[in-house]
Amino acid sequence: MARKKIIAGNWKMNKTPSEAVALINELKPLVANDDVDVVFCVPAIDIIPAMEAAEGSNICIGAENMYFEESGAYTGEISPAMLTDVGVKYVVLGHSERREYFAETSETVNKKMLKAYEHGITPIMCCGETLEQREQGVTMDFIRQQVKVGFLGITADQAKTAVIAYEPIWAIGTGKVATTEQAQEVCAGIRACIAEIYDDATAEAIRIQYGGSVSAGSAPELFAQADIDGGLVGGAALKPDFGKIVNYK
Ligand code: PGA
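Quick note, the sequence shown lines up with residues 3 to 251 if you use the working numbering.
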């Protein structure tokens, strides 16, 4: 069975609640495409107004992060139940910016993955190498480690519904998109890693996105690759261009 493409915007720390509503109203008609899953992952404070603005459209609102405890003395964190209470279905976990600036590790990402599934939230788990790792030739070793640790304790049935975003760090926000061959090669490697951990059926079902300077220009070729099931889009998700990315065909 063909995998449905999933194209997600990652807004990062951009847009106030009122700006979020304005942007969703602007993008709503442009991203109308039922052939793909369209997700806007927005800052926590934007989630509720974004949901209201997106109501009746094909846009699904997701979160950019989540904590791995149920509740308690974790000042500043957002719990899974807070997200599900307002209808959030997707959460980005382990983005490289969180790993770099907020001390996330594959171990904490794994705890968040387990918690997300406990609450029925689909994780979009990010992985990706630095430029140095690519130049040292250890890209796939590094990413396999991120994937293996991230999925510890996750069952095959759960993993089938997961989304993995391959985002080479050197391509994020740099305008330097990976070549189609580089992106396809790593996404295929991630799928092979999932087949090793689980089985072929799980590897065939899981959706793997490419992220890193995706634009309206690069999306069609990237998304046509056998192992690339859509994209995680930063900068271009805040512009009308996102409509072109969603309607890449
Ligand atoms: P970018 O960000 O599209 O701006 O490179 C992608 C991401 O970080 O998810």
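A virtual CB, placed ideally from N, CA and C, is assigned to each residue, including glycine.
| Query | Result |
| --- | --- |
| Gly-237 versus Asn-12 - alpha carbon distance | 8 Å |
| Buried or exposed (CB count within 10 angstroms, at least 16 for buried), Phe-104 | exposed |
| Inter-residue spacing [alpha-carbon to alpha-carbon] between Leu-224 and Ala-65 | 25 Å |
| Beta-carbon separation (whole angstroms), Gln-186 vs Gln-227, contact threshold 8 Å | 4 Å |
| Three-state secondary structure (DSSP) of Ile-123 | coil |
| Validate contact between the region 193-213 and the region 141-155 using beta carbons, cut 8 Å, 3 pairs | yes |
| Residues that DSSP places opposite Val-40 in a beta bridge | Ile-9 and Ile-61 |
| Distance cut-off 6 Å: Val-235 Cβ against heavy atoms of the ligand PGA | yes |
| For Val-248, the three-state DSSP class (helix, strand or coil) | helix |
| Meets three-Cβ-pair contact criterion under 8 Å: the region 169-183 and the region 119-134 | yes |
| The ligand PGA heavy atom lying under 6 Å from the CB of Gly-122 | no |
| Given 8 Å, three or more beta-carbon pairs between the region 68-79 and the region 18-26 | no |
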